[in-house]
Every structure is written in structure tokens, then in C-alpha cells.
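Protein chains in written order, with the numbering used here: chain B, -4 to 263; chain A, 187 to 289.
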Amino acid sequence: MADATLQHNAAAGHGLAGEFEAPLFGAYSKKVGMWLFLASDSLTFGALLFAFSYNRIYTAWPTPFGKESIINATVMTACLLSSSLTMVMGVFAARRHDRAWTRNWLLATMAFGTAFIVLHAMEWTHLIHEGLSLPGFPKPAGQLDSEYAKISTGVPQFAATFFGLTAMHMLHVTIGVIYLGVVALRKWFLPILAALWLAGVFLIPADNVFHYGVHALLIGLIVASIILFLKPKDYDAQDVEVSGLYWHFVDLVWMFIFPLVYLMSTKV
Amino acid sequence: MHDVAKHDDSKGQYFWVWGALLVLTGVEVWLGYRQVFEPARMLEVLLVLSVIKSALIIGYFMHLKFETALMRWMLVISVAGLFVIMYLFFFPDAGRILRLGVK
């Protein structure tokens, strides 16, 4: 943003006043565009969280999450918060045109984001194995009498809202990691993404829900390839800052999902 | 015209914000796991803490604190206003269901 502003002022100072129109919000257009997208996306999550709370009000809401789940979700929260700090460091490095440290901080952010996804996937797998499920999910044998299986049949809103909210958020984190990967490594990220997708397809068992979920990486690979083919640019400080806005938003949303979905459903 | 060079943009403040966010998360976990309050009060307390955390993230990490006043207020008022409208749509109906009973 500062860069765009300074360019405008510099142009005005060199007799080019009028050549560049002053930005309405005092920010470059990519940043305003990302803020508008984030405002609209916040309404998506807002609607999901309102729907979750709405269901909670008139239902005898289960409180199944024990110590293990809460510790796992707390570590996930710490990962996201730490990733926001490394993202800020990446923006600082980009502003001082330090390419090596920009890449390093973005890779650190991606590592925290990937840790979040892996921990969340493990949590999902554990809950599904324990019997918390949706109609389309693979059914593990011998869990019909478990607490989670009873919740799935007795209060189907619990599984629906839990998986709906957290899946939407996990998808956003995945998109964020791919976004940062493209900004940090550009075309060199594509083979890495392809390798991750293939590893997921071949290594995740067929009865695991992520055997299918990993295809999100293939969609990400196709979209990233098209973007890099159409616009094979070298990303600058503004691009890093805009990608950072998206990443912090993902962190921000989790700050509401964590207390509402996990902490309000802890086992007493 | 906004100029980021004029405001305090030291890295130290971001570490303080990160530390504050971790501490607030710890407080939330302690409150939630210990069931310190009854559920309705717990929801209020956790939401207040979440709003404080989100204000720190939006203000510092997303840099909105350092944007122009027009951009700050346009975003905050529009999003907050839409959340209020959602609230007005959803929760009176939820209360009606409570009064009439779930059929």
C-alpha cells in the first residue's frame, strides 16, 4: 500500500499530477480487492457460525470433547497464531526486498499451516473412527454403541455443523497454503503440490475420508498452473502483503470456531 | 494520504500481540475446560475474548489499524452491520422454537 501511495506522490512531485488518480481508500487496488473478498467471506463463516449457534439453542447439545481433543485443538490454535507471526515477518522481509528471507518466512508459515491441517485431519479421522459421522462418510465397523455414534444418530446437527464448519475452514487453510506456496516458490511449487497430491492418493487408506478430500490439492494444482501460465510474474511486496491478509483471515476465523465448537462442547 | 513510514511499525509489537493472543487462548482453554461459568455466561465470556483476539489480529496482523479512517470504518461498519442483520433474522426464530416446542 505504501508503495502505491509513494509512487502516486512521487508522480505528483514530478509534474505528473493527474496521471495517477489517488486511491479512494488510500490503498492499492489489490489490497482493497482482497479486503472486499474477506468481508464477503466473513459473511459465509458468519452464517455458518450463526447456523451452528441456532441449532445449539433448541437442541440438547452434546458435550463430547475430552482432554485429548481440547489439547489437540489448542496446539492447532497455537500453530495458526504462530503462522500469523511468521507471515508478518515475511511481509517485513518483502518490504525490504529481502527475497531469501521472504521465501523462508513464507515457507515457515506454510509449515505451520500444514501442521494445522495434519492435526485437524488426525482429529477428524479419530472422531470418525469413534463413530461421529455423516451419511456420506465411510462407516467403521463395530462402533454402533459408542458415545459418538449415539450423538450422530440422536443429534445429527452436531456432526453436520461440526464437519461443515471445520471442513470449510480446513479448505480455506489448504487454499492459503497453496496460495503462499505459489507466492513463495512460483512455478517450482507446482511439482511439490503434484507430489503431495499423489502421495495422498496412494498413502491415505481408501476407507479414510481424506482419500477423497486430498483431491482438493489436484484442483489447487490445476488452478495454480493456469494462474502461473497466464501471469508468470515475480511476486512483489504488495503480493506478499495481500496473501498475508488472506492468511490472517484464516487465523481470525479459527478464533471463533475454536471456542464455539470445541470449548463450548467440552466433556464436563 | 496514508503513509506506513509514519506509524510505529516495529517488529517488537507483533511479538507482543502474538504473546497476548497465546495468553488469551490459554485463558479460554482454562475457562472452557474447567467449566468456570454456566453455559450462557461461558458463551458470553468466550465471545468477548474472541472479539478481543480478532481485534488484535485485524488491527495489527492485518494492519487495519494503520489504514485510512475511511477504509477502517467502511469495513468494520459494513461487516458488523451485516452480522447484526443475521442476528436479527436467526435468533428471534430460535426463541420462537423454544417457546412453541420442537415439532
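For glycine and all other residues, C-beta sits at the position ideal for the given N, C-alpha and C.
Check	Outcome
Does DSSP put threonine 58/B in a helix, in a strand, or in coil?	coil
Find the residues of chain A that neighbour leucine 258/B, judging by a C-beta separation of less than 9 Å, and give them in chain order.	Glu214, Val215, Leu217, Gly218, Tyr219, Met228 and Leu232
Relative to the alpha-carbon of valine 248/B, which residue among Met82/B, Thr161/B and Trp30/B has its alpha-carbon at the smallest distance?	Thr161/B
What's the C-alpha gap between isoleucine 222/B and leucine 33/B?	20 Å
Using a Cβ cut-off of 8 Å (strictly closer), state whether glycine 159/B contacts chain A.	no
Quick check: the Cα distance between glycine 94/B and glycine 85/B, rounded to an integer number of angstroms?	According to the sequence shown, residue 94/B is arginine rather than glycine. If you take the alpha carbons of arginine 94/B and glycine 85/B, they lie about 9 Å apart.
Does threonine 69/B come out as helix, strand or coil in the three-state DSSP assignment?	helix
So with CB distances below 8 Å, who are the chain B contacts of glutamate 253/A?	Met(-4), Phe20, Gly21 and Ala22
Where do the N-terminal and C-terminal ends of the alpha helix (DSSP H) with asparagine 203/B fall, by residue?	It is not in any alpha helix (DSSP H) - asparagine 203/B carries neither H nor E in the DSSP assignment.
Against proline 57/B, what residues of chain A qualify as contacts under a CB-to-CB distance less than 9 Å, listed in chain order?	Within 9 Å Cβ-Cβ: nothing; proline 57/B doesn't reach chain A, min ~13 Å.
Pick helix, strand or coil for threonine 261/B, following the three-state DSSP scheme.	strand
I think glycine 322/A touches proline 254/B, with their Cβ atoms under 8 Å apart; what is that distance to the nearest whole Å?	This structure cannot speak to residue 322/A, because chain A is shown only from 187 to 289.
Could you check what DSSP says for glycine 126/B in three-state terms: helix, strand or coil?	coil
Buried or exposed: which applies to lysine 251/A, given that a residue is buried once 16 or more other Cβ atoms fall within 10 Å of its Cβ?	exposed
Run through chain B and tell me which residues come within less than 7 Å of leucine 261/A, C-beta to C-beta.	Trp30 and Ala34
Short of 8 Å in beta carbon distance, which residues of its chain neighbour phenylalanine 251/B, apart from the five on each side in sequence? Order them along the chain.	Phe40 and Leu44
Could you please give the first and the last residue of the uninterrupted alpha helix (DSSP H) stretch that includes aspartate 234/B?	232 to 252
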